[in-house]
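J.: Sharing a structure below in structure tokens format, with a few things to ask.
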Amino acid sequence: MAIKDPVQEGLKAGWQHIDASQLKQHQAFEADVVIVGTGAGGGVAAEVLTQAGHSVIMVEAGALKSSKDFVMEERKAYPELYQQAAAMKTQDKAISIFQGRAVGGSTTINWTTSIRTPEPTLDYWASEHDVRGLSADEMLPWFEKMEQRLNIHEWQYEPNRNNLALRQGCSALGWDYTVIKRNVSGCWNLGYCGMGCPVNAKQSMLVTTIPEALAGGATLVSQAKAFKVEYQHEQVQAIKAVALDESQSKTGIELTFKAKHFILAAGAIHTPSLMMRSKLPDPHQLLGKRTFLHPSVLSGAIFKDPIYGHSGAPQSIYSDQFVWPDNPQQLGYKLEVPPIHPMLIASKTMGYGQSHAQLMSDFNQLQVTIALIRDGFSPESLGGQVQLTDNGSALNYPLTPSFWDAARRAYMSMAELQFAAGAKRVLPIHEGMPYLKSWQQAKTEIPQMDLAPLKTVVASAHVMGGCPMSEDVNKGLVSSQGRSHYIENLSVMDGSVFPTSLGANPQLTIYGMTARNATLLAEQLGN
Amino acid sequence: MKRRTFLISTFTGTAALALGTNLYLSDDLPFEDSHQNHHMIFSVLIPVFLAGALPKVPNLREESIQRTLVAIQDSIKVLPVHQAAELQELLGLLESRLGLLFLTGSMTPLMLRTHAQLINMLESWRFHFTELMMIAYQGLRELIMASYYSCPEHWGGLNYAKPNFLET
Chain A
1 MAIKDPVQEG
11 LKAGWQHIDA
21 SQLKQHQAFE
31 ADVVIVGTGA
41 GGGVAAEVLT
51 QAGHSVIMVE
61 AGALKSSKDF
71 VMEERKAYPE
81 LYQQAAAMKT
91 QDKAISIFQG
101 RAVGGSTTIN
111 WTTSIRTPEP
121 TLDYWASEHD
131 VRGLSADEML
141 PWFEKMEQRL
151 NIHEWQYEPN
161 RNNLALRQGC
171 SALGWDYTVI
181 KRNVSGCWNL
191 GYCGMGCPVN
201 AKQSMLVTTI
211 PEALAGGATL
221 VSQAKAFKVE
231 YQHEQVQAIK
241 AVALDESQSK
251 TGIELTFKAK
261 HFILAAGAIH
271 TPSLMMRSKL
281 PDPHQLLGKR
291 TFLHPSVLSG
301 AIFKDPIYGH
311 SGAPQSIYSD
321 QFVWPDNPQQ
331 LGYKLEVPPI
341 HPMLIASKTM
351 GYGQSHAQLM
361 SDFNQLQVTI
371 ALIRDGFSPE
381 SLGGQVQLTD
391 NGSALNYPLT
401 PSFWDAARRA
411 YMSMAELQFA
421 AGAKRVLPIH
431 EGMPYLKSWQ
441 QAKTEIPQMD
451 LAPLKTVVAS
461 AHVMGGCPMS
471 EDVNKGLVSS
481 QGRSHYIENL
491 SVMDGSVFPT
501 SLGANPQLTI
511 YGMTARNATL
521 LAEQLGN
Chain B
1 MKRRTFLIST
11 FTGTAALALG
21 TNLYLSDDLP
31 FEDSHQNHHM
41 IFSVLIPVFL
51 AGALPKVPNL
61 REESIQRTLV
71 AIQDSIKVLP
81 VHQAAELQEL
91 LGLLESRLGL
101 LFLTGSMTPL
111 MLRTHAQLIN
121 MLESWRFHFT
131 ELMMIAYQGL
141 RELIMASYYS
151 CPEHWGGLNY
161 AKPNFLET
């Protein structure tokens with residue numbers, strides 16, 4: 001069946017797209033605004049600024065792919081669409097990190113969950129981090145605007161059985177749950193969002209804002225990795241980039257981008273590392289610090305009836321029952337489910353040989369619940385730190401006692417929920433942990449688990465912070481509008497400006513904040 | 001410490017401590033064939049990691065192992081440079097007598113060990129008190145598991161198949 005492919009159609013229609021891997025000579029580019037990164041921040045900024053009449057260049061390290069490339073196979077998707085082929089980890093290898101690397105950034109490969117920034121998070125930013133203008137009331141029109149733009153609506157269909165188990169468990173226990181809003185249009189309910197939407201139903205940046213910007217005259221330079229911000233006298237003079245080939249190796253070709261204004265939107269590891277490598281002003285030593293992950297722990301459960309966790313919308317239900325605990329010293333956690341595909345589930349579960357083969361033979365009976373731990377809201381939860389290395393950058397993220405306390409409570413909650421939903425056996429994904437056959441057994445065994453880095457599987461798909469916003473220069477590198485406190489013509493518009501994690505999946509927060517900040521910037525540039 | 005050298009420096013540090021001398025791995029001549037993408041090591045480890053998952057019929061089993069070996073090489077090709085370098089260091093150690101001694105307490109080549117001995121080796125790494133040994137175990141485990149289950153040929157037992165509407 002032929003699928004309408006807006007990227008291919010746009011290229012045929014004459015989009016200004018330069019695949020840097022094909023360039024044979026060094027090249028210079030110039031526009032009103034240069035944007036580094038094309039994810040949730042870069043994509044929205046490109047559309048807003050183009051529509052405001054500014055010339056825009058988008059610079060992206062990943063390749064331009066389209067639905068014809070999204071063949072629903074992990075072995076193709078991970079190397080082509082994910083940072084480090086989906087094998088990225090923190091420095092001590094204790095946390096796996098999944099981040100997109102393609103035109104569209106992580107929006108190309110995320111699971112479409114679209115949640116407004118929780119009000120307590122916005123309140124906390126205002127009270128503790130001197131963020132201004134981002135209250136729930138002030139953000140409301142921006143969320144509404146982006147929800148309309150990206151067709152974000154509550155999922156109208158029955159959840160798949162993986163999500164259904166989450167709902168059933170919550171219902172049985174009287175816990176809070178919410179039907180998820182998704183950025184999809186004409187979704188086929190396939191379950192392969194994480195490998196790139198093969199039918200262009202997901203309203204990612206790849207098929208929405210970026211095409212709109214390109215149709216409006218913007219230029220996209222793909223496979224060009226920004227490596228240096230050159231600045232002088234509080235002004236960025238240029239951004240330098242290197243061309244990358246298909247295997248992400250440098251081709252030797254260098255690109256120079258000049259503009260009136262520059263926006264960094266490369267995500268919450270690459271934006272801080274680019275700024276660090278460029279030695280941008282950081283008098284209060286904030287850059288790269290307070291990087292947050294929503295570090296997540298997993299609990300598997302075997303059901304009698306098939307779950308088919310690979311099929312259907314990956315996320316349609318979440319529970320905030322435990323996100324905001326009464327004790328403010330405790331870290332809260334959000335309950336969701338992930339899609340279940342063979343390569344990831346085989347490699348991110350525990351054990352080998354017969355026990356692992358048995359787990360995989362129960363593949364279609366396997367339900368998985370995840371608990372995303374809301375980091376950054378207490379003095380003990382400082383997150384991680386981005387550090388420069390010979391090969392680029394690395395994230396050092398210590399897992400603290402407060403994290404392990406939350407992880408243990410989360411394992412308890414997940415086991416209780418899964419048994420309440422009808423699970424026959426529950427398996428906390430932790431080295432050496434046996435199947436738990438009852439909630440009673442879980443209550444005995446889980447408190448005894450020797451939770452520790454490498455023994456406990458911890459994963460993250462939400463990287464935030466590292467270049468915080470605040471009106472107080474002691475706390476932030478950029479203002480609440482994303483403007484640098486030190487460099488006149490530099491903004492940051494991605495998740496790196498978050499002063500803490502969110503307690504919610506981040507894409508809609510980035511969309512809304514960027515829509516606001518890019519609109520304000522467009523007005524300021526116009527003046 | 002630079003990531004690229006962490007395995008070498010840690011293992012050579014351990015070796016120097018044990019033997020009272022400095023060791024240079026390049027002087028420790030490999031006794032096994034390391035020219036074929038470490039196929040020997042993986043050929044030995046795949047049946048252990050994937051026991052119960054591999055087909056029981058001998059020729060199908062061998063076919064599946066060979067397919068996994070190819071998939072492993074494909075996986076290694078797309079690993080980030082630093083991870084690939086660390087993996088090569090680990091594999092290099094497993095191909096050298098001294099490396100084997102330090103990692104497993106025995107110089108016996110992996111291919112001469114029984115299935116039970118190989119399980120003991122993996123279990124000792126899996127639950128080792130040092131992070132380094134756990135990382136070595138997890139690195140090999142993730143690589144082999146991900147590579148095996150990346151192949152559509154190996155999905156039969158899972159009753160998993162991608163939708164085929166694109167092919168119609």
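Just so you know, the protein sequences line up as chains A and B, in that order. Residue numbers for the first sequence follow UniProt numbering, beginning at 1 and rising by one. Residue numbers for the second sequence follow UniProt numbering, beginning at 1 and rising by one. No residue lacks a Cβ here, since even glycine has one placed at the ideal position from N, Cα and C.
(1) So the candidates are A:Y411, A:L280, A:H462, A:L436; which of them puts its Cα closest to the Cα of A:L451?
(2) Tell me whether A:S204 sits in a helix, a strand or coil according to DSSP, three-state version.
(3) Which residues in the same chain as A:A51 place their Cβ atom closer than 7 Å to its Cβ, once the five residues preceding and following it in sequence are excluded?
(4) As a quick exercise: from A:P281, A:G196, A:C170, A:A20, pick the residue whose alpha carbon is nearest that of A:V473.
(5) Between A:K181 and A:E154, is the Cβ-Cβ spacing less than 8 Å?
(6) From the DSSP secondary-structure annotation, give me the bridge partner or partners of A:V229.
(7) Buried or exposed for A:F143, going by 16 or more other Cβ atoms inside 10 Å?
(8) Assign A:D494 to buried or exposed, taking buried as 16 or more other Cβ atoms, counted over all protein chains shown, within 10 Å of its Cβ.
(9) Less than 8 Å between CB atoms is the rule here; does B:L69 satisfy it with respect to chain A?
(10) Taking the beta carbon of A:S413 as the centre, do at least 16 other beta carbons fall within 10 Å, making it buried, or is it exposed?
(11) Determine the chain A residues that contact B:Q73 at a beta-carbon separation under 9 Å, and present them in chain order.
(12) Taking contact to mean at least 3 C-beta pairs separated by less than 8 Å, is the segment 436-448 of chain A in contact with the segment 366-386 of chain A?
(13) Relative to the alpha-carbon of A:L298, which residue among A:Y333, A:P306, A:M276 has its alpha-carbon at the smallest distance?
(14) At a cut-off of 7 Å, is A:G42 close to the ligand MG when judged by its beta-carbon and the heavy atoms of the ligand?
(15) What three-state label does DSSP hand A:P159 in the structure shown?
(16) Thinking A:T108 and A:S171 are a contact (beta carbons under 8 Å), I'd like their distance in whole angstroms, please.
(17) Is A:F403 helix, strand or coil when you go by DSSP?
(18) B:Q83: which of A:R277, A:A394, A:L399 sits nearest, CA to CA?
(19) Can you give the Cα-Cα distance for A:V463 and A:G41, rounded to whole angstroms?
(20) Which residues, in order along the segment 99-127 of chain B, keep a beta-carbon less than 8 Å from a beta-carbon of chain A?
(21) Look up residue 528 of chain A in the DSSP assignment and say whether it is helix, strand or coil.
(22) For A:V34 and A:S55, I'd like the C-alpha separation in whole angstroms.
(23) Along chain A, which residues have their Cβ under 7 Å away from the Cβ of B:P163?
(24) Taking 8 Å as the CB-CB cut-off, is residue 183 of chain B touching chain A?
(25) Am I right that residue 542 of chain A and A:F303 are in contact with their C-beta atoms under 8 Å? What's the rounded C-beta distance?
(26) For A:A243 versus A:T251, is the C-beta distance shorter than 8 Å?
(27) Indicate whether at least one CB of chain A lies closer than 8 Å to the CB of B:N37.
(28) Beta-carbon within less than 8 Å of B:D27's beta-carbon, same chain only, minus the 5 sequence neighbours each way: which residues are those?
(29) Which residues of the segment 416-432 of chain A have a Cβ closer than 8 Å to any Cβ of chain B? Give them in chain order.
(30) My output table needs one value for B:E63: the three-state DSSP class, helix, strand or coil.
(31) Counting C-beta neighbours from all protein chains within 10 Å, is the total for A:A415 16 or more, i.e. buried, or is it exposed?
T.: On the basis of the data shown:
(1) Of A:Y411, A:L280, A:H462, A:L436, the residue nearest in Cα terms is A:Y411.
(2) A:S204: coil per DSSP, three-state reduction.
(3) Reading off the sequence shown, one finds Gln at residue 51 of chain A, where the question assumed Ala. Answer for A:Q51: G216, listed in chain order.
(4) Comparing Cα positions, the closest option is A:P281.
(5) Contact flag set, yes.
(6) A:I239, per the DSSP bridge assignment.
(7) Only buried fits A:F143, as 16 or more other CB atoms lie within 10 angstroms of its CB.
(8) Residue environment: A:D494 is assigned as buried (16 or more neighbouring CB atoms within 10 Å of its CB, all protein chains considered).
(9) Interface residue (Cβ-Cβ distance to chain A less than 8 Å): B:L69 is not classified as such.
(10) Only buried fits A:S413, as 16 or more other CB atoms lie within 10 angstroms of its CB.
(11) At a beta-carbon threshold of 9 Å, none of the residues of chain A lie near B:Q73; the nearest stands roughly 12 Å away.
(12) Judged by Cβ distances under 8 Å, the segment 436-448 of chain A makes no contact with the segment 366-386 of chain A, as fewer than three pairs qualify.
(13) When A:Y333, A:P306, A:M276 are compared, the shortest CA-CA separation from A:L298 is found for A:Y333.
(14) The ligand MG is not among the ligands present in this structure, which contains no ligands whatsoever.
(15) Three-state result, A:P159: coil.
(16) Not confirmed; about 34 Å, so no contact.
(17) Here DSSP, grouped into helix, strand and coil, assigns A:F403 to helix.
(18) Selected option, being the one with the closest Cα: A:A394.
(19) Taking the straight line from one Cα to the other gives about 13 Å.
(20) Answer set for the segment 99-127 of chain B: I119, L122, R126, F127.
(21) Outside the displayed span of chain A (1 to 527) sits residue 528 of chain A, for which this structure offers no information.
(22) Each residue's Cα considered, the two are about 9 Å apart.
(23) Ordered by position in chain A, the residues that pass the 7 Å Cβ test against B:P163 are M72, L190.
(24) Any answer about residue 183 of chain B is impossible in this case: the structure gives chain B only from 1 up to 168.
(25) Outside the shown range of chain A (1 to 527) lies residue 542 of chain A, about which nothing can therefore be said.
(26) Yes, they are a contact pair.
(27) Residue-level contact check: B:N37 does not touch chain A, since none of the beta carbons of chain A fall below 8 Å from its beta carbon.
(28) Unreliable positioning characterises B:D27 in this predicted model, as indicated by a pLDDT of 33, which lies under 50. A coordinate reading is not provided.
(29) From the segment 416-432 of chain A, only E431, G432 have a Cβ closer than 8 Å to chain B.
(30) Reduced to three states, the DSSP call for B:E63 is helix.
(31) It counts as buried.
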